[in-house]
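Under our numbering, the first residue of the sequence shown is numbered 47, with each subsequent residue one higher. Heads up, the beta-carbon is just placed ideally off N, CA and C, and yes, glycines get one too.
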Amino acid sequence: MYNGKFGCALWGCGWVASGHIAAYLKNNACQFIGLGSRNPESAKAKIAEFGLHNAVIYPTFADLLNDPKVDIVSICTPNDLHAEEAIMAARAGKQIFLEKPAAVNPEQLDELVKVLKENNTKTVMGLVLRFNPLSIMQKRLIAQGELGNVFLANVDYWFGRDRGGWMREGKRSGGAFVLGGCHSVDLACFLLGTQIAAVRGDCVQVGDWYDYPPVETAQVRFANGAKGVFSCSLTGFTPYTANIHIIGEDGTILNDRFFLRKFQEQKEFFTIDTGVKKSGDVYSHPFPAIVSHFVDCLREDRDSEHNVESAVNSHKACFAICRSGAEQGQWIEI
47 MYNGKFGCAL WGCGWVASGH IAAYLKNNAC QFIGLGSRNP ESAKAKIAEF
97 GLHNAVIYPT FADLLNDPKV DIVSICTPND LHAEEAIMAA RAGKQIFLEK
147 PAAVNPEQLD ELVKVLKENN TKTVMGLVLR FNPLSIMQKR LIAQGELGNV
197 FLANVDYWFG RDRGGWMREG KRSGGAFVLG GCHSVDLACF LLGTQIAAVR
247 GDCVQVGDWY DYPPVETAQV RFANGAKGVF SCSLTGFTPY TANIHIIGED
297 GTILNDRFFL RKFQEQKEFF TIDTGVKKSG DVYSHPFPAI VSHFVDCLRE
347 DRDSEHNVES AVNSHKACFA ICRSGAEQGQ WIEI
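Right, here's the structure in full:
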């Protein structure tokens, strides 16, 4: 603790880092200590953006981890570094706010989970869709049985924006679903309260901007017997779109539209406005809610229900979709 508050620091100063920093600054239980990056200029840019002129700029990640004032570290570096750096942070005794994905392959993920358990590290994942008010309401309705037996859950993640640097490399990004679509895959598991049992993937190479297929699709079998069709596209002329379509014997959810048997008089879907912005901009994501939740967990000395382990199944489903697509669409058990 630092002056009675949780000391917070951040490593990796790309786009998503702004969401983390803004959330820490908004939370009265947090004291933002400092930040660092492999690129010193990006760290200076965040200092200027938020007016953090008293913040420490750490030259290396080891310097950050060696600062006793730091309790919580946000890891916002490229995907292929997440697991390695989270392992370092766990061994240094820090609690971790880890950006998705937790890893880019199953071996990295398994090692990370093992080390987190060995060090009793508390974590929270940056799977922002779980914290949207709309998602929370959808989950509650499903858990309360308003949709009855759910047998179909389809998701789409489409976002045709420019992505440069490491995101163009499959080895570093992990693939289309790992890079972006993991949000929607994880949301399907979260809402249904079940895991994915098997997937069969397909993919298509569009253009030459990415050295891996930026479009992936999958057929999905859930552990509770439900089926699904997932799609992810990092390319194309399309704005940020994260669809979630769920059909049950007593109701249907189409994003923010609902059709429920309990309202027998309704003739068409009705819409509920929860104030959720349909945007891929990190400034619109519920990072303040994630930080607030994690602070509560640390105060109560408990791990988050949104920790790394809670997302292992959805991560492994994404890895399997990519692998299946490269292997002529074989079914892969998770």
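For residue i, the nearest candidate out of the options (CA to CA)
i: Ala244; options: Gln265, Cys235, Val261; result: Gln265
i: Val354; options: Trp57, Pro147, Asp113; result: Pro147
i: Gly40; options: Val62, Leu98, Leu162; result: What the structure shows of the chain is the stretch from 47 to 380, and residue 40 is not part of that stretch, so it cannot be assessed.
i: Asp319; options: Leu110, Glu95, Leu162, Ser181; result: Ser181
i: Lys323; options: Cys76, Gln376, Thr287; result: Thr287
i: His339; options: Tyr70, Ala132, Phe107, Phe236; result: Tyr70
i: Asp113; options: Ala129, Ala135, Leu127; result: Ala135
Nearest-angstrom Cα separation, counted from residue j out to residue i
i: Gly65; j: Gly172; result: 10 Å
i: Pro105; j: Arg209; result: 26 Å
i: Glu262; j: Ser370; result: 10 Å
i: Ala189; j: Gly321; result: 22 Å
i: Glu95; j: Asn85; result: 16 Å
Same chain, Cβ closer than 8 Å to residue i, neighbours up to 5 away in sequence not counted
i: Phe316; result: Arg303, Phe304, Phe305, Phe309
i: Trp57; result: Leu81, Gly82, Ser83, Tyr104, Phe107, Leu110, Val119, Ser120, Ile121, Cys122, Thr123, Glu131
i: Ile93; result: Leu81, His99, Ala101, Ile103
i: Arg348; result: Lys168
DSSP three-state assignment for residue i, whether helix, strand or coil
i: His99; result: coil
i: Glu346; result: coil
i: Lys160; result: helix
i: Arg395; result: Look at the range of the chain in this structure, 47 to 380, and you will see that residue 395 is not part of it.
i: Cys228; result: helix
i: Ser120; result: strand
i: Asn289; result: strand
i: Arg307; result: coil
i: Asp248; result: strand
i: Leu187; result: helix
i: Phe283; result: coil
i: Tyr256; result: coil
i: Phe107; result: helix
i: Lys168; result: coil
Per DSSP, cross-strand counterpart(s) of residue i
i: Phe276; result: Val201, Ala264
i: Trp57; result: Gly82, Ile121
i: Glu131; result: Glu131 pairs with nothing; no bridge assigned.
i: Met373; result: What sits at residue 373 in the sequence shown is Glu, not Met. Per DSSP, none; premise fails for Glu373.
Same chain only: Cβ atoms within 6 Å of residue i, ignoring 5 sequence neighbours per side
i: Met213; result: Ser219
i: Val116; result: Gly53, Ala55, Ile79
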